[in-house]
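S.K.:
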Amino acid sequence: MVYDGRKDGQVTFVSELSSKPAQKLSKYGWYGNARLQRFHIPEETAIARWLFSVTKGHNFHCGQHNVTIHVRWGAPPVINPIGSLFPNATLWSPSLSLILPVTSQSSTTFNLSNPAPGDWFVAAHLPEDDGRIEQKVCMEQHMGCKPTSVGLTASDSIVTIKKFHGNSSSTNSTSAGNGSPVIDVAALGIESASLLTPMLASACVWNVPVLYEEVDVLSLRFTPVNGPNVSVTDTHPTLLAYPVHSQATGGTLNLQLTLNSVSTSIVQNQPGSLCGENSFCVCAALFGGYGAQVNASVPKAVVRLPFPQSTTWYLTLQLLCNSSDCGNTSLVSVVPEVFISACVEDCGTYGECRLLRSYTYLYTACVCKAGWSGWGCTDDSTAQSFGRQLLATLLLTLSNLSFLPAIVVAIIRFYFTEASVYLFTMFFSTFYHACDQPGVAVLCIMDYDTLQYCDFLGSVCSIWVTILCMARIRDTFKYTLFMLGALLIAMSMQLDRKGLWNLLGPVLCAILFMVTAWVYRGVQRRHCYPPSWKRWVLFLIPGAVCALIGVCLYIFAETEDNYYYTHSLWHILVASCVVFLLPPKERNKEALGWTRVSPT
22 MVYDGRKDGQ VTFVSELSSK PAQKLSKYGW YGNARLQRFH IPEETAIARW LFSVTKGHNF
82 HCGQHNVTIH VRWGAPPVIN PIGSLFPNAT LWSPSLSLIL PVTSQSSTTF NLSNPAPGDW
142 FVAAHLPEDD GRIEQKVCME QHMGCKPTSV GLTASDSIVT IKKFHGNSSS TNSTSAGNGS
202 PVIDVAALGI ESASLLTPML ASACVWNVPV LYEEVDVLSL RFTPVNGPNV SVTDTHPTLL
262 AYPVHSQATG GTLNLQLTLN SVSTSIVQNQ PGSLCGENSF CVCAALFGGY GAQVNASVPK
322 AVVRLPFPQS TTWYLTLQLL CNSSDCGNTS LVSVVPEVFI SACVEDCGTY GECRLLRSYT
382 YLYTACVCKA GWSGWGCTDD STAQSFGRQL LATLLLTLSN LSFLPAIVVA IIRFYFTEAS
442 VYLFTMFFST FYHACDQPGV AVLCIMDYDT LQYCDFLGSV CSIWVTILCM ARIRDTFKYT
502 LFMLGALLIA MSMQLDRKGL WNLLGPVLCA ILFMVTAWVY RGVQRRHCYP PSWKRWVLFL
562 IPGAVCALIG VCLYIFAETE DNYYYTHSLW HILVASCVVF LLPPKERNKE ALGWTRVSPT
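22 is the number of the first residue of the sequence shown in my numbering; add one for each residue after it.
1. Taking the alpha-carbon positions, what's the cysteine 387 to glutamate 366 distance?
2. Less than 8 angstroms separating the beta-carbons of arginine 434 and proline 605?
3. Can we say the stretch 225-245 touches the stretch 352-366, given the rule of at least three CB pairs closer than 8 angstroms?
4. Alpha carbon to alpha carbon, how far is leucine 529 from tryptophan 485?
5. What would DSSP say about leucine 603, mapped onto helix, strand or coil?
6. If you measure between the beta carbons of alanine 538 and proline 459, is that distance less than 8 angstroms?
7. DSSP three-state call for serine 441: helix, strand or coil?
8. Taking all protein chains shown into account, do 16 or more other C-beta atoms lie within 10 angstroms of the C-beta of tyrosine 453, making it buried, or fewer, making it exposed?
9. So the beta strand (DSSP E) lysine 321 belongs to, where does it begin and stop?
10. Applying the 10 Å Cβ sphere with the 16-neighbour rule, what's the burial state of tryptophan 554?
11. Among Val540, Ala413 and Ser483, whose alpha-carbon lies nearest the alpha-carbon of aspartate 582?
12. Going along the chain, which unbroken runs of the alpha helix (DSSP H) with 4 or more residues stay wholly within the stretch 544-578?
13. For tyrosine 371 and alanine 262, which I take to be in contact (beta-carbon distance under 8 angstroms), what is that distance rounded to the nearest angstrom?
14. Does DSSP classify glycine 50 as helix, strand or coil?
15. Based on Cα-Cα distance, which residue from Gln515, Phe498, Phe107 and Met512 lies nearest to alanine 531?
16. Applying the 10 Å Cβ sphere with the 16-neighbour rule, what's the burial state of phenylalanine 449?
17. Go through the stretch 87-135 residue by residue and report every complete run of the beta strand (DSSP E) that reaches 3 residues or more, in order.
18. Would serine 47 and serine 394 be called neighbours here (beta carbons separated by less than 8 angstroms)?
19. Tell me which residues share the same chain as isoleucine 120 and place their Cβ nearer than 8 angstroms to its Cβ, disregarding the 5 neighbours each side in the sequence.
20. Can you give the Cα-Cα distance for threonine 279 and valine 355, rounded to whole angstroms?
21. Do you know offhand how far proline 552's Cα is from leucine 603's?
22. If we count the other Cβ atoms within 10 Å of its Cβ and call it buried at 16 or more, is arginine 378 buried or exposed?
23. At which residues does the alpha helix (DSSP H) containing arginine 409 begin and terminate?
24. Tell me the DSSP bridge mates of glutamine 58?
25. Are the stretch 428-447 and the stretch 473-491 touching by the rule of at least three beta carbon pairs closer than 8 angstroms?
26. DSSP on alanine 208, reduced to helix/strand/coil?
27. In whole angstroms, what is the alpha-carbon distance linking arginine 59 and tyrosine 586?
28. Look up asparagine 515 in the DSSP assignment and say whether it is helix, strand or coil.
29. With DSSP as the reference, label glutamine 473 as helix, strand or coil.
30. Can you give the Cα-Cα distance for asparagine 247 and proline 108, rounded to whole angstroms?
31. Any idea if valine 558 is buried or exposed, counting beta-carbon neighbours within 10 angstroms, 16 or more meaning buried?
32. What does the Cβ neighbour count give for lysine 77, buried or exposed, with the cut at 16 atoms within 10 Å?
33. Taking DSSP as the reference, what is the three-state secondary structure of threonine 446?
34. Just checking, does the stretch 251-261 make contact with the stretch 226-236 on the three C-beta pairs under 8 angstroms criterion?
35. Are threonine 111 and tryptophan 396 closer than 8 angstroms when you measure CB to CB?
36. Assign tyrosine 380 to one of three DSSP states: helix, strand, or coil.
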């Protein structure tokens, strides 16, 4: 839609609409739980308006929650909802944020005047994860955040300058024009210092050309054209420009400044200072940015910026001395290493760097384990000790030995097919949990995904064959159901491995077959089946109680904190109910048990 804002036609407003589809939200445990959307704001935009709509389905009730929405220009928002620690020398600026309650239908409008042109990112998530292991009940509800941005463009020229001050950010908008440059510098960490003095507009800088090489996905390395060493003086700043395009903003911008060892002896008494800056302008106006210092005592400094904004980053280097005159030490050599990596220090020992995708945009985040947390998995405030990790591994693996009695009972009663399924389940469950541990007590005999798939498949198939065996149907019909059920379970596991109905579906179907067979026999024989009260009191009822307790633990009681002993108890209960529920050996079974005569 185009219309004239004034009759003389000097200002023309154009309305543009951009809409994104709804996405399901998750409780926040790590950055991958946040749903990320990207919008493009054209140049000379006067007003950007976002309409956020949150809806909740009525299938399940998961409590009352608020949705937190973060908005940032140039790169995804760096968020810290759980208040964990960031790695050392990692700087970040909080983004714009708002909170929206979750109801059956709620919406809010967010207006931003004179926004910077380019990509704007919106991230939304539910409150912090309480650690409960959901079986995809609450997550299947129709809850989502659908942001819509509207941009109104005007012909007036607007220049937006982003100023960083420690861990806070503010956006200033001014009209384009000539003005005196002002230097506003923030030093590394929380200490601030005036590292550079104001310069005249006619002052010059030494510009060092920089080449960049794209090594891998979200992996770029910048190198000065004339080699890694860069000369720095006390008379003129040395300027290096590092363009960061939008597809590289999903990683971490790393700056490592190293004072050349040859120059160290020259500046031992008069240390040099280096300031790294980010600016939207060129040499005449070096606006405030992040700072770092190196000298003879501290020859190396590191600065990390997660999710750097898509712009040209300028690194300004200048030698400062204790006195106004540096004398013979007016030139030093510095090695600035600037590169973009996927995650901070590859997430360390207790983390894994994950590559995430929002449509065509790629970004990375660390998923931590063994109780570690933080942006780079360096916060050990809730870390698990090695003893606890070892205890969890032993409980989850050795508890699978409870399947040995079930295997022995099945073999004694000539249920060799059932025994092979139990053996399969015990083997893969043991080594899956040995590989699944979050700490250092880990043993993986094959690919993790393969172990997980076989564990889930074997667990459900064990329940399936046990209940069908209790039905005592004809062998041909029973083994046909064995095979058909195993194929359908394998397909469902491939579609949604952790879905609740992957367990309940086969269980309910098998129970339906069993009840139908029992009712048919009871009507045919004119008495209850199974006929023996001892069978009910000593075997069926205890087995059903074990199964019911196990299912309740699996669905309702498991959390990340108690997983290692509640899931171990689940292993024991499932194996115990198999021992109780397996029917006795058929009277007319042959000695080897390979063939049977149908029961009368």
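Don't be surprised by glycine CBs; every beta carbon is placed ideally from N, CA and C.
These numbers were taken from a predicted model, which means no experiment stands behind them.
M.R.: To lay it out plainly:
1. Cα atoms of cysteine 387 and glutamate 366: separation of roughly 10 angstroms, rounded to the nearest angstrom.
2. It is a contact, given that the beta carbons lie within the stated cut-off.
3. At 8 angstroms Cβ cutoff, the stretches touch.
4. In this model, leucine 529 and tryptophan 485 are separated by some 9 angstroms (Cα to Cα).
5. Three-state result, leucine 603: coil.
6. Going by C-beta atoms, alanine 538 is not nearer than 8 angstroms to proline 459.
7. Reduced to three states, the DSSP call for serine 441 is helix.
8. A buried status is given to tyrosine 453, since no fewer than 16 other beta-carbon atoms sit within 10 Å of its beta-carbon.
9. 321-327 is the extent of the beta strand (DSSP E) around lysine 321.
10. Residue burial annotation: tryptophan 554 is exposed, with fewer than 16 other C-beta atoms found within 10 angstroms of its C-beta.
11. Nearest in C-alpha terms to aspartate 582, of all of Val540, Ala413 and Ser483, is Ala413.
12. The stretch 544-578 contains, as complete alpha helix (DSSP H) runs of 4+ residues, the segments 562-573 (chain order).
13. A Cβ-Cβ separation of about 37 angstroms leaves tyrosine 371 out of contact with alanine 262 under the 8 angstroms criterion.
14. Secondary structure at glycine 50: coil, using DSSP grouped into helix, strand and coil.
15. Of the listed residues, the one whose Cα sits closest to alanine 531 is Phe498.
16. The C-beta of phenylalanine 449 has 16 or more other C-beta atoms within 10 Å across all chains shown, which makes the residue buried.
17. The DSSP assignment places complete beta strand (DSSP E) segments of no fewer than 3 residues inside the stretch 87-135 at 87-94, 117-122 and 126-134, in order along the chain.
18. Taking 8 angstroms as the Cβ cut-off, serine 47 and serine 394 do not qualify as a contacting pair.
19. Taken in chain order, the residues that qualify are Asn87, Val88, Thr89 and Ile90.
20. Each residue's Cα considered, the two are about 6 angstroms apart.
21. Taking the straight line from one Cα to the other gives about 16 angstroms.
22. Burial is judged here by how many other beta carbons sit within 10 angstroms of a residue's own beta carbon; arginine 378 has fewer than 16 and is exposed.
23. In the DSSP assignment, arginine 409 falls within the unbroken alpha helix (DSSP H) covering 407-419.
24. Per DSSP, Val143.
25. Judged by Cβ distances under 8 angstroms, the stretch 428-447 makes contact with the stretch 473-491, as three or more pairs qualify.
26. Because alanine 208 carries a pLDDT of 28, less than 50, the predicted location of this residue cannot be relied on, and no value is offered for it.
27. Here the alpha carbons of tyrosine 586 and arginine 59 stand approximately 42 angstroms from one another.
28. First, the residue type needs correcting, since residue 515 is glutamine and not asparagine in the sequence shown. Here glutamine 515 carries a helix assignment [DSSP, helix/strand/coil].
29. For glutamine 473, the three-state secondary structure derived from DSSP is helix.
30. Here the C-alpha atom of asparagine 247 lies approximately 32 angstroms from the C-alpha atom of proline 108.
31. It is exposed - the Cβ of valine 558 has fewer than 16 other Cβ atoms within 10 Å.
32. The residue in question, lysine 77, is buried, as its Cβ has 16 or more Cβ neighbours within 10 Å.
33. Helix at threonine 446.
34. In short, these stretches touch, since the Cβ pair count reaches three.
35. Less than 8 angstroms divides the Cβ of threonine 111 from the Cβ of tryptophan 396.
36. The answer is coil: DSSP assigns tyrosine 380 none of H, G, I, E or B.
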